[in-house]
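Engineer:
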Amino acid sequence: MIHTDRLVLRPAVDTDRDAIAALNADPRVGAWLGGARDRAASDVFVDRVQAHEAEHGFGFWVVERKADARVIGMTGVWWVPPEMDMPGTVEIGWRFMPDAWGQGYATEAARAALDYGLRALGLEEIIAFTARTNLASQAVMKRIGMVHAPERDFEHPGLADGDPLRPHVVFVATRRYPLRPSGPPPPEGEDLARPDAPPPGELSRSD
């Protein structure tokens, strides 16, 4: 569990399923995630999130607002799924209810999750990726100190040729440079991961 000024980041439990289903069903949230999900698909997603947490001790967590104890989104770090063909790679991601947009919650939560992955878990590298046209998500990546690694940009294998969301950009953070809690990220290319970097070793959770 992680506390920030306004938020609590914690593993998802079964009582969160309704809130997560509402998040995943919103078409504005799903616009960048391959579409909105129905309840059955959302529950499969939660099953996968909980299985990852049980196996690795970290993962994609719910974000609860302290002011009203409401689940307003999700963020966290987890191993990139095998179908993405990025073995040994950990990613950070986030999604938030539209009524929580524009208030700095995504940046606050993602910064805490990134710091947790690099410092508490000891990961050497964490990536984030999104559609090339998703400028809002890229802005969050930059605000939390990640930098674009253009040589690692790719075409998403789960999207058809010609789909405007298929071209994806990759941003990277590594332990070689401290995270910057505010201000601009390092100059483009300064903090790129080594192509031959070994995968992270055995990880332990530190709450």
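Numbered per the working numbering, the sequence shown spans residues 3 to 209.
Built from N, CA and C at the ideal position, the CB exists for glycine as well.
Indicate whether residue 36 and residue 167 have their beta-carbon atoms separated by less than 9 Å.
Structural biologist: Start at 1 with the first residue of the sequence shown, and residue 36 comes out as number 34. Start at 1 with the first residue of the sequence shown, and residue 167 comes out as number 165. It is a contact, given that the beta carbons lie within the stated cut-off.
Engineer: For residue 170, I'd like the list of residues in its chain whose CB is within less than 8 Å of its CB, leaving aside the five on either flank, ordered along the chain.
Structural biologist: The count along the sequence shown starts at 1 and reaches residue 170 at position 168. Here the set comprises 131, 132, 133, 134, 155, 156, 157 and 158.
Engineer: On a CA-only basis, which of 59, 89, 110 and 5 is nearest residue 97? Give me that one, please.
Structural biologist: Counting from 1 along the sequence shown, the entry for residue 97 is found at position 95. For the residues 59, 89, 110 and 5, the minimum Cα distance to residue 97 belongs to 110.
Engineer: Go through its chain and collect everything with a Cβ distance to residue 99's Cβ below 8 Å, but skip five positions before and after it.
Structural biologist: Here residue 99 corresponds to residue number 97 of the sequence shown, with the count starting at 1. 24, 25, 28, 31, 74 and 75.
Engineer: Can you pull the DSSP bridge partners for residue 287?
Structural biologist: Residue 287 lies beyond the range of the chain shown here (3 to 209); nothing can be said about it.
Engineer: Going by DSSP in three states, residue 4 sits in which element: helix, strand or coil?
Structural biologist: Residue 4 sits at position 2 when you count from the first residue of the sequence shown. It is a strand residue.
Engineer: Taking only runs of the alpha helix (DSSP H) that begin and end inside the region 133–183, which ones reach a length of at least 4 residues, in chain order?
Structural biologist: Taking only runs of at least 4 residues, the alpha helix (DSSP H) segments lying wholly in the region 133–183 are 137–145.
Engineer: Is the distance from the Cβ of residue 80 to the Cβ of residue 51 below 9 Å?
Structural biologist: The residue given as residue 80 occupies position 78 in the sequence shown. The residue given as residue 51 occupies position 49 in the sequence shown. Yes; because the gap between Cβ atoms is below 9 Å, this pair is in contact.
Engineer: Rounded to a whole number of angstroms, what is the C-alpha to C-alpha distance between residue 119 and residue 140?
Structural biologist: Taking the sequence shown and counting its residues from 1, the one referred to as residue 119 is at position 117. Taking the sequence shown and counting its residues from 1, the one referred to as residue 140 is at position 138. Taking the straight line from one Cα to the other gives about 19 Å.
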